[in-house]
Amino acid sequence: MHSLEIAVGATIVGLLIGTWGAYGKLYGGPVVRDLFAVYTTVVRAVPELVLILLLYYAGTDLINQVLAAMGYQRVDISGLVAGIAVLGFVQGAYSTEVIRGAILAIPQGQIEAARAFGMSPGLLLRRITLPAMLPFAIPGLANLWLIATKDTALLAVVGFFELTLATRQAAGVTKAYLVFFLAAGVLYLCVTLVSNFLLGRAEKWARRGMPSIKEAR
Amino acid sequence: MSAVGVAAVPSGEAQESAAEAIHVENLHKKFGQLHVLKGVSLSARDGEVIAIIGGSGSGKSTLLRCINCLENPTSGIIRVNGEEIKLKADSHGHTVPADRRQIERIRSKLGMVFQNFNLWSHMTLIENVIEVPVHVLGVKRDEAVAQAEKLLVRVGLAEKRDVYPAYLSGGQQQRAAIARALAINPRVMLFDEPTSALDPELVGEVLKVIGDLAGEGRTMVLVTHEMKFAREVATHVVYLYNGLVEEEGPPEQIFDAPKSERLKQFIRNIG
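Top line first, the protein sequences correspond to chains F and E. Count along the first sequence from 1, add 252, and you get the number used in this note's numbering. Count along the second sequence from 1, add 2, and you get the number used in this note's numbering.
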């Protein structure tokens, strides 16, 4: 199913951008910080539909112009790649803020201890910062993942054949609107239910070192 | 001086000839306008236990944290194992380590123990202890685990090896943090007020572990408020006041015959 492929791809791209973005915003120099601030502000300010239209048409056009200028042939960018890139770019802006908040929630002493024992920045990120921020980031990232699964529907506007567009066409042909849109709704719901189950497991695992807060009510 | 202390101290001549593990010279540290260290010098030879004492805000923690560049000194010389930490000015005029790999290498020889333990909360005790040997020093995992188990036995936490830090008392966490620092086989142990965050009844168990280490002749620099303990384990006591070394010497001199008025008052207030 293309919708899921795009959602998974966009979320992965978003997480990579988000991790870099959070690091850049927290530890980068003034230029890096400003660049990421512009990125997160603009992407979160502009409606996603507009961004998708803009990035899809302007983006493919730009790539082709660059290719043409360098003497290469025009290429047809597949809807899948374009969809992942566009949604991933949007997801990245939101992920940046979720991950930045999660990193700030890590007790700073744990990061200091890693530095005090001679960990390099890369090792520190991989062994301490990412696993330690995960319990704080998962609820926010889970939101983003669920939004991503549904944002794929927006790609219908650029003619990408995903669940919503497929449903509309099938319904239009057969005139059985209720059946098809209900079926589509159920499919989205199933994705959400499975996601909730898996994310719940992931959160439990990420919080493995943390006592349950139930007793602390 | 107590029996523990005597056992820990090499004789006078041996101390003179022992290699200098840590050498700090004319260290200054400013936080913005605040001048915290105003030219402090400190030396720790192999086998020595240096206790840094002083009131709140005297700069004693800052001094310790400058040794491994957790705080970057504003100016001054720091040598660890005879190797001088290379410093440079960054684009904002702050002093920073010039060579990241050098500072990482030096840090991996200094076993730091923090006031708030700072164990990694997503790792069990055994994982905390093997983390640096395996991932920084490149020790094989099974060797690191075997050594970590011995260290946990030594600090009395063998049965807690698979427990996460949040489920332990402060005293247990601090003992685990000491095991983590020992696991790198450090040239020098650095203790930053290791008992200040503990409930009074838990202080003893941690001090006992630290005292045992001193008894083995381990080189240590210890920032502490426990004057009785400093007198027992230290070979040399440094009293900081307002960013300067006000008085230093062997513990019997510092505690029994202080010269400086401020030190006399400090000991009276604490005692």
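Every residue, glycine too, gets a C-beta built ideally from N, C-alpha and C.
Beta-carbon spacing of residue i, residue j below 7 Å
i	j	result
E/Val-235	E/Ala-216	yes
E/Ser-150	E/Ile-128	According to the sequence provided, residue 150 of chain E is Ala. The question's Ser does not apply to it. A contact, by the Cβ cut-off of 7 Å.
E/Leu-89	E/Thr-76	no
E/Ala-46	E/Ile-24	yes
E/Ser-49	E/Gly-173	The question names Ser, yet the displayed sequence has Gly at residue 49 of chain E. Not a contact, by the Cβ cut-off of 7 Å.
F/Val-342	F/Leu-305	no
E/Val-208	E/Gln-176	yes
F/Thr-263	F/Ala-408	no
E/Val-115	F/Gly-370	no
F/Thr-292	F/Ala-345	yes
E/Pro-167	E/Gly-113	no
F/Leu-451	F/Ala-394	yes
E/Leu-184	E/Leu-153	yes
E/Val-136	E/Ala-146	yes
F/Leu-439	F/Leu-301	no
E/Arg-67	E/Glu-73	yes
Whole-Å CB distance - residue i paired with residue j, under 8 Å assumed
i	j	result
F/Leu-278	F/Ile-363	The pair is not a contact, with the Cβ atoms about 11 Å apart (cut-off 8 Å).
E/Val-211	E/Val-157	5 Å
F/Ile-258	F/Glu-455	That pair is no contact at about 24 Å.
E/Leu-224	E/Ile-54	7 Å
F/Leu-417	F/Ser-447	Actually they do not touch by this definition, with Cβ atoms about 22 Å apart.
E/Gly-57	E/Phe-257	In fact, because the Cβ distance is near 16 Å, the residues do not count as touching under 8 Å.
E/Ala-160	E/Leu-121	Actually they do not touch by this definition, with Cβ atoms about 17 Å apart.
F/Gly-261	F/Gly-340	7 Å
F/Ser-471	F/Leu-396	Since the first and last residues shown for chain F are 253 and 469, residue 471 of chain F lies out of range.
Alpha-carbon to alpha-carbon, residue j and residue i
i	j	result
E/Lys-231	E/Ala-91	Reading off the sequence shown, one finds Phe at residue 231 of chain E, where the question assumed Lys. Cα to Cα, E/Phe-231 sits roughly 39 Å from E/Ala-91.
E/Gln-104	E/His-124	28 Å
E/Val-134	F/Gly-411	52 Å
F/Gly-266	F/Ala-365	29 Å
E/Ala-100	F/Arg-326	48 Å
E/Glu-86	E/Ile-108	10 Å
E/Ile-52	E/Val-190	11 Å
F/Ala-320	F/Lys-402	35 Å
F/Val-284	F/Gly-270	14 Å
F/Ile-336	F/Ile-351	20 Å
F/Cys-442	F/Ser-330	27 Å
F/Met-462	F/Phe-388	11 Å
F/Gly-273	F/Val-295	13 Å
E/Gly-34	E/Glu-228	31 Å
E/Ile-186	F/Ser-255	50 Å
F/Leu-287	F/Ala-297	15 Å
E/Glu-248	E/Ser-63	16 Å
E/Asn-83	E/Ala-21	8 Å
F/Leu-376	E/Ser-93	24 Å
F/Glu-349	F/Pro-282	17 Å
F/Asp-313	F/Ala-334	12 Å
E/Met-222	E/Leu-192	6 Å
F/Leu-382	F/Lys-466	25 Å
F/Leu-434	F/Ala-428	10 Å
E/Thr-65	F/Leu-268	Rather than Thr, the amino acid found at residue 65 of chain E in this sequence is Leu. Distance between the alpha carbons of E/Leu-65 and F/Leu-268 is about 39 Å.
F/Gly-276	E/Glu-106	22 Å
F/Arg-379	E/Val-155	25 Å
F/Gly-280	E/Gly-59	31 Å
E/Glu-250	F/Arg-460	47 Å
Other residues of its chain near residue i: CB distance less than 6 Å, five sequence neighbours each side excluded
i	result
E/Leu-170	none
E/Pro-253	Arg-233, Ala-236, Val-239
E/Gly-61	Val-38, Leu-39, Leu-242, Gly-245
F/Leu-307	Val-338
F/Asn-316	Arg-326
F/Phe-432	Thr-419, Ala-422, Ala-423
E/Gln-117	Asp-194, Glu-195, Ser-198, Ala-199
Contacts around residue i, its chain only, beta-carbon distance under 8 Å, and the 5 residues preceding and following it disregarded
i	result
F/Trp-457	none
E/Asp-164	Thr-126, Leu-127, Ile-128
E/Asn-28	Gly-41, Val-42, Ser-43, Ser-77, Gly-78, Ile-79
E/Ile-272	His-227, Met-229
F/Val-290	none
E/Gly-213	Val-6, Phe-231, Glu-234, Val-235
Contact set for residue i: own chain, Cβ-Cβ below 7 Å, skip 5 residues either direction
i	result
F/Ala-384	Ile-358, Gln-362
F/Val-425	none
Proximal residues of chain A, C-beta to C-beta of residue i below 9 Å
i	result
E/Phe-116	Here chain A cannot be found, since the structure's protein chains are F and E.
**Study point:** Every unbroken alpha helix (DSSP H) within the segment 321 to 409 of chain F, with a cutoff of 4 residues, ordered by chain
**Key:** 331 to 357, 360 to 368, 373 to 376, 382 to 403
Review point. Can you list, in chain order, the stretches of the beta strand (DSSP E) that have 3 or more residues and sit fully within the segment 105 to 154 of chain E?
Key: 112 to 115
Practice item. Starting from the N-terminal side, write out each stretch of the beta strand (DSSP E) that is 3 residues or longer and does not extend beyond the segment 58 to 84 of chain E. Key: Entirely contained in the segment 58 to 84 of chain E, the beta strand (DSSP E) runs reaching 3 residues are, in chain order, 77 to 82.
Review point. Where in the segment 186 to 255 of chain E do unbroken runs of the beta strand (DSSP E), each at least 3 residues long, occur, reported from the N-terminal end onward?
Key: 190 to 194, 222 to 225, 238 to 243, 246 to 251
Exercise for review: Give, in chain order, every unbroken run of the alpha helix (DSSP H) that is at least 4 residues long and sits entirely within the segment 412 to 453 of chain F.
Suggested key: 415 to 426
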